[in-house]
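Report on the structure given below.
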Amino acid sequence: MVLAVLLHPVWTPAPGGGTAEARQEETTAQPVRPAAPERRPTAPEREKECKDGSDPAASLKPATATGEAVRRIDKRGFLKVGVDQNSYNWSHRDPQSGELVGFDIDLVNAIAEDLLGPSARIVYKAISTNQRAEALADNSVDLVVRTMTILCEHLDKKVAFSTAYFEAGQQLLVPQRSRITGLDSSAKGKKLCTASSSTGDKELGRGFHGARTVRVANQLDCLVLLQLGRVDGVVTDNALAAGQAAQDPSVGLVGEPLTSELYGVAMSQEDEDLVRRVNHVLEEFREGGESSQWQKSYREWLDEVLDGESATPPKPLYRD
């Protein structure tokens, strides 16, 4: 049985809620005059090449050899993991047990059991979107498993990623009564919320839509602001937004996905042995087709809210 402890919990006032007092930062994008105003620029594919020519999604080949990082965790006796505790069906608190549950948590449990055995102890630390790289840099956590997109800019911050374990995309969440149809001219002048330093923040920064960007620390704070009528829409991962729409039928996804992105387990670039070990766990997590742990977790947490989308794991890419 895996034992878990949460450090620095974030108070959740109500189901589907967040911290409404979150510090907000607002900017106005300067719209670009496209040839056809009603059409947004083609959404970029996922990043496939960093400045050094490498594919950010290409990770180290799996291995079970014990190195410095794995020995450090074994000697300590527990695994430190950075998570979100408010991402419905990914990493959220079960209202009955109070335990963290979800797709990301299933993956954390598999990693912890491989490293420390079936009685592995996990210490969770709730971190905001813009704290993920910092938490790894200052050794607050060994891993970040928080629907974190594999991007070159994260690699530049000395973050290493596992192979991809899920594919998603940025999409717009709005009230059902909204006249916004997507991130297009219908969003001009509207307040759109996103988590600071997130992929959605980067997408809104492209500026072609003429929307006003409101930034908060945690994505769920955007949902609270949307429910309170303080913003007109939320730009976030559709895999997360679909769960929020399932909780609150007054909101829904509109438009096409704005991006294609891959989630990975984040670690320090200094911990190569841990990266290889996590990739070994992911190989096992994906193995077995419909009987794999990946598929079991998908069916339990995501199948219903995603309506069968992204129902297969991304193929792993290796660089060595």
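Those letters in the sequence shown? Residues 1 to 320, per UniProt numbering, in order. The C-beta atom is built at its ideal place from N, Cα and C for all residues, glycine as well.
- In this chain, H92 is not harboured by any alpha helix (DSSP H); it is covered by the beta strand (DSSP E) spanning 91-93.
- If you compare the alpha carbons of T66, A126, N238, A120 with that of Q171, the shortest gap goes to N238.
- Where C222 is concerned, the enclosing alpha helix (DSSP H) starts and stops at 219-227.
- Cβ contact annotation for S186 (same chain, cutoff 8 Å, sequence separation greater than five): R179, I180, in chain order.
- Each residue's CA atom was taken as its position, placing A126 and Q295 some 26 Å apart.
- The continuous beta strand (DSSP E) containing G82 extends over residues 79-83.
- In the assembly as shown, Q244 is a buried residue. Its beta-carbon has 16 or more other beta-carbons within 10 Å.
- The count of Cβ pairs closer than 8 Å, one atom from the region 191-206 and one from the region 138-145, stays below three, leaving the stretches out of contact.
- A residue is called buried when at least 16 other Cβ atoms come within 10 angstroms of its Cβ; A311 does not meet this threshold and is exposed.
- No Cβ-Cβ contact shorter than 9 Å links L240 with P314.
- Each residue's CA atom was taken as its position, placing G117 and F285 some 16 Å apart.
- Between the region 267-281 and the region 248-256, the count of C-beta pairs closer than 8 Å stays below three; the two stretches do not touch.
- Between M148 and the set F78, W301, T199, S291, the nearest pair of CA atoms involves T199.
- Counting C-beta atoms within 10 angstroms of its own C-beta, S87 has 16 or more neighbours from the protein chains shown and is therefore classed as buried.
- Residue ranges of uninterrupted beta strand (DSSP E) with 3 or more members, entirely inside the region 230-289 and ordered along the chain, are 233-237, 251-254, 261-263, 266-268.
- Annotated three-state conformation of Y318 is strand, per DSSP.
- Within the model, the alpha-carbon separation for D303 versus S260 is close to 19 Å.
- K190 sits in coil when the DSSP states are folded into three classes, being neither helix nor strand.
- In the three-state scheme derived from DSSP, where H, G and I count as helix and E and B as strand, V214 is classed as strand.
- With fewer than 16 other Cβ atoms from the protein chains shown falling within 10 Å of its own Cβ, P95 counts as exposed.
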